[in-house]
Amino acid sequence: MPKLLPRGTKQELLQQITNGNSINAIARSLHLGKSTIYYHYKKIRGRKNKPPQFNPQASEAEGEICGIFAGDGSQYFEPKKFHYEVNVHFGGHREPYARYVKSLFESFFHKEFRLRREKSGAPRLRTQSKTIFCYFKHYLEYIPQHKHDTVQLKERTASPEFKKGFLRGLFDTDGCLWKDVTNRRLRAFYYTTSEILSRQTIQMLAEFGVSATKHVRFKPGCKPIFVLQFATRSIDTFLKHVKPFKARWAGS
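In the numbering used here, the protein residues as written are 318 to 569.
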């Protein structure tokens, strides 16, 4: 039978379980045995292997979060330790955007995300939660081991608000916006190795009055890259409706 816990320790344990913290993380922070944690976990949330529940609203914030994950996210599950890890990876010079994403994710999921730098110097956002790990499957289809070239949006979940946020997340992770020094015109491109996602993105852009053409780049030993080039006349429309984070430095 699990040992009785002091009131303060029990309250902290229940709070961490409610927050979706992993069994191992709770054990380390509270110095408790796993059998004790399992006992209280099952009382609150049912069996450990019961799929977590979430009530998606197809909101703009959810769209942006899913777009970010589709572009730069990854997942890792360690069955022996019950680790459900979710990551977002950033380039080496994207610290302001990483802080923005951290605030967005924490505000929506009501859980802390750790922002750390890799050995390469690039920031990485990370958390452990089965609920968040499973959340993305409601909106996206992908093979976790090959997410970059298999990810696609589940059409039935895509409201106009969700699509706007989704396009923002996609573009801020895998898009490019710059000013041509020869004619001072803005240029915009989006890159993906998922052919289905490239088609879906063109369709969503069209719904917002944005025109784009698709090209395919081939490199020996690599997956094909599908490049969407935005029509010059459509870029202002895109920036007005979607409002990507990258627009803050456009033309600087």
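Glycine included, every Cβ here is placed at the ideal spot set by N, Cα and C.
{"Check": "Meets three-Cβ-pair contact criterion under 8 Å: the region 485 to 502 and the region 380 to 387", "Outcome": "yes"}
{"Check": "Runs of alpha helix (DSSP H) wholly within the region 439 to 488 (minimum 4 residues, chain order)", "Outcome": "447 to 452 and 464 to 467"}
{"Check": "Burial state of residue 303 (16 or more Cβ within 10 Å)", "Outcome": "Past the edges of the chain, shown from 318 to 569, lies residue 303, and the structure says nothing about it."}
{"Check": "Cβ-based burial, residue 498 [other Cβ within 10 Å; buried from 16]", "Outcome": "exposed"}
{"Check": "Counted within 10 angstroms of its Cβ, other Cβ atoms place residue 339 as buried (16 or more) or exposed", "Outcome": "buried"}
{"Check": "Bounding residues of the alpha helix (DSSP H) (the contiguous stretch that carries residue 517)", "Outcome": "512 to 524"}
{"Check": "Where the beta strand (DSSP E) through residue 559 begins and ends", "Outcome": "Counting along the chain, residue 559 falls outside any beta strand (DSSP E), though it belongs to the alpha helix (DSSP H) covering 549 to 559."}
{"Check": "Secondary structure of residue 402, DSSP reduced to three states", "Outcome": "strand"}
{"Check": "Buried versus exposed call for residue 446 [16 or more other C-beta atoms within 10 Å across all chains shown]", "Outcome": "buried"}
{"Check": "DSSP beta-bridge partners of residue 391", "Outcome": "404"}
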